[in-house]
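A.B. asks: Supplied in structure tokens, the structure appears directly below.
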Amino acid sequence: MKYESIELINENNGHHVLFESFVRDTGFLLQDFDPGVAPASFKTAKGYGQDGVTKYSAPLDIRNPRFTASIIGNGLAEIEILKQELDFVMNPKDTLTLKVNYETHGTHPESKIIHGSPDQSVDYSTNYKTSNDFLQEFKGGLDCFNPFYTDPADSRIALTSWEGGLTFPFTPPFTLAHRGAPTISVFNDGHVKTPVLIIFTGPAVYPKVTNQTTGEFVAVRKELLEDETLYINTAYSEKSIEIEKNGVRRNGYNYIDQNSFLSFNLAVGDNILEYSNGRTDLTNAVEVRYRRRYLGI
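Per our numbering, residue 176 is the first one in the sequence shown, and the count goes up by one each step.
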């Protein structure tokens with residue numbers, strides 16, 4: 176695999192830097208990149224007289240991608256300016272997005288992202304061979320508390336009282352539906368199951384989304400007015416339910432049926448999603464957004 180470039184975006188202050196595998200004049204030259212691994216912490220138990228142990232779960236720990244790069248400049252003044260920009264980005268107190276651009280088997284470039292915080296300030300070389308008026312080598316890395324790489328943008332699925340069938344080559348991919356049975360097949364070709372963001376748009380009467388593959392569902396127990404939108408995020412560390420009206424969002428947990436699965440996921444492989452509501456004459460809709468999750472690049 177060939178890493179074309181990596182980009183670091185500081186989500187707190189907006190500063191960003193791009194490390195490229197080839198620098199024509201000045202900039203940041205990417206010399207080495209390690210995407211890191213996601214170590215597992217097995218949860219086990221051992222019974223009396225049992226050979227071996229029983230594994231109950233395998234939660235993943237922090238991923239630690241690392242890189243080595245050099246600042247290329249036309250003099251010490253430019254080197255110092257680029258160092259300042261890098262330091263603005265690599266702040267351990269902030270959250271960063273790492274975007275990895277790469278090629279596989281000569282295909283068109285692909286990208287994946289991961290979020291984390293620098294595990295320390297930038298480690299600049301002090302060796303005169305790699306630290307002078309025209310070159311400054313450095314090393315850095317991130318602690319990624321969610322160890323999965325993901326797609327850079329959401330995939331979006333639209334369900335109405337219509338049936339899906341056409342997929343247009345939009346970016347991100349957007350699946351549309353036709354009048355008929357309100358079901359659609361979604362294929363998750365990521366490495367693990369993925370959480371979703373479900374968006375119910377009013378007017379709607381007791382709308383419900385069911386994953387027929389897993390049996391999980393999310394149901395709304397109230398009517399949604401025409402100017403109301405309900406947002407349900409099922410990601411483990413980001414779970415939230417918000418109702419939006421007139422551009423203002425507030426807590427919307429009282430809108431959800433108590434039996435709903437707030438851990439609603441798309442399983443690896445095929446998923447059959449079904450949409451239902453109490454008024455089939457309404458052209459209301461629900462949108463499901465997700466990003467595939469990967470154990471590596």
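The beta-carbon is built from N, C-alpha and C at its ideal position, and this holds for glycine as well. All figures in this text were calculated on a predicted structure; none of them were measured in a lab.
1) Return the chain-ordered list of same chain residues with a C-beta closer than 7 Å to the C-beta of Ser180, the five sequence neighbours on each side being excluded.
2) Can you tell me the Cα-Cα spacing of Ser485 and Gly250, whole angstroms?
3) My understanding is that Tyr450 touches Pro357, with C-beta atoms under 8 Å, so please give their C-beta distance in whole angstroms.
4) The beta strand (DSSP E) that contains Lys414, what's its start and end?
5) Express the C-alpha separation of Tyr303 and Gly211 in angstroms, rounding to a whole number.
6) Decide if Gly400 is buried, meaning its Cβ has at least 16 other Cβ atoms within 10 Å, or exposed.
7) Would you call Arg238 buried or exposed, if buried means 16 or more other Cβ atoms sit within 10 Å of its Cβ?
8) Taking Val380 and Val393 to be in contact with their CB atoms under 8 Å, please state how far apart those CB atoms are, rounded to whole angstroms.
9) Are there three or more Cβ pairs, one per stretch, closer than 8 Å when the region 225-239 is compared with the region 307-318?
10) Going by DSSP in three states, Gln259 sits in which element: helix, strand or coil?
11) For Pro284, collect the residues of the same chain with a Cβ closer than 8 Å to its Cβ; drop the 5 residues on either side in sequence, then sort them by chain order.
12) Identify every residue that forms a DSSP beta bridge with Pro293.
13) Specify, as a first and last residue, the run of the beta strand (DSSP E) that Val206 falls within.
14) Take Leu372 as the anchor and find which of Val198, Ser292, Leu405 has the nearest alpha-carbon.
15) What number of angstroms, rounded off, separates the C-alpha of Lys397 from the C-alpha of Phe217?
16) If you draw a straight line from the C-alpha of Gly222 to the C-alpha of Ser415, how long is it?
17) Using C-beta distances below 6 Å, list every residue in its chain close to Glu419, excluding the 5 sequence neighbours before and after it, in chain order.
18) So, with DSSP's three-state summary, where would you put Glu386?
19) How long is the line joining the alpha carbons of Ala460 and Gly377, rounded to whole angstroms?
20) Between the Cα of Ile359 and those of Glu462, Tyr469, Ser232, spot the shortest distance and give me the residue it belongs to.
21) So for Glu253, helix, strand or coil by DSSP?
22) What would DSSP say about Val192, mapped onto helix, strand or coil?
23) Residues in its own chain within less than 8 Å of His191 by CB, not counting five upstream and five downstream?
24) Using the Cβ count rule (16 or more neighbours within 10 Å means buried), how would you classify Glu413?
25) Can you tell me whether Tyr277 is helix, strand or coil according to DSSP?
26) In three-state DSSP terms, what is Tyr223?
27) If you follow the beta strand (DSSP E) that Ala244 is part of, which residue opens it and which one closes it?
28) What are the start and end residues of the beta strand (DSSP E) that includes Tyr450?
29) Please return the same chain residues whose Cβ sits closer than 7 Å to the Cβ of Gly189, not counting the five positions on each side in sequence.
30) Work out the CA separation of Phe375 and Gly422 for me, nearest whole Å.
31) Roughly how far, in whole angstroms, is the beta-carbon of Ile472 from the beta-carbon of Lys287, given that I think they are within contact range, below 8 Å?
C.D. replies: Checking against the coordinates, here is how it stands:
1) Within the same chain, Ser180 has close Cβ partners Leu193, Phe194, Glu195, Ser196, Leu205, Asn276.
2) A query on residue 485 cannot be resolved here, the shown segment of the chain reaching from 176 to 472 and no further.
3) Cβ atoms of Tyr450 and Pro357 come within 8 Å of each other, at about 4 Å.
4) Secondary structure note for Lys414: it is in no beta strand (DSSP E), with a DSSP letter that is neither H nor E.
5) For Gly211 and Tyr303, the distance between alpha carbons rounds to 29 Å.
6) It should be pointed out that residue 400 corresponds to Leu in this sequence rather than to Gly. Classification of Leu400: exposed, given that the 10 Å Cβ count is below 16.
7) Buried.
8) Not a contact, Cβ separation roughly 15 Å.
9) With a cut-off of 8 Å, the region 307-318 and the region 225-239 count as touching, because enough Cβ pairs lie within range.
10) Gln259 falls in the helix class under three-state DSSP.
11) Glu179, Asn276, Tyr277, Glu278, listed in sequence order.
12) Paired residues: Leu317.
13) Here the sequence assigns Gln to residue 206, which means Val is not the residue at that position. Looking at the DSSP string, the run of the beta strand (DSSP E) that includes Gln206 is 202-209.
14) The residue with the shortest Cα to Cα distance from Leu372 is Leu405.
15) When the Cα atoms are used, Lys397 and Phe217 turn out to be separated by approximately 42 Å.
16) Between Gly222 and Ser415, the C-alpha separation is close to 39 Å.
17) For Glu419, where only same-chain residues beyond five positions count, the Cβ hits under 6 Å are Thr404.
18) In the sequence as displayed, the identity of residue 386 is Asn instead of Glu. DSSP places Asn386 in strand when its eight states are reduced to three.
19) Between the alpha carbons of Ala460 and Gly377 lies a gap of roughly 8 Å.
20) Checked all of Glu462, Tyr469, Ser232; the closest Cα to Ile359 is Glu462.
21) For Glu253, the three-state secondary structure derived from DSSP is helix.
22) It is a strand residue.
23) Within the same chain, His191 has close Cβ partners Glu182, Leu183, Ile184, Asn185, Val264.
24) Exposed is the call here.
25) Three-state DSSP puts Tyr277 in a strand.
26) It is coil, neither helix nor strand.
27) Per DSSP, Ala244 belongs to the beta strand (DSSP E) from 241-247.
28) Per DSSP, Tyr450 belongs to the beta strand (DSSP E) from 444-451.
29) Leaving aside the five residues that flank Gly189 on each side, none in its chain has a CB nearer than 7 Å to its CB.
30) As the crow flies, the alpha-carbon of Gly422 is around 15 Å from that of Phe375.
31) About 6 Å separates the two Cβ atoms, so the contact holds.
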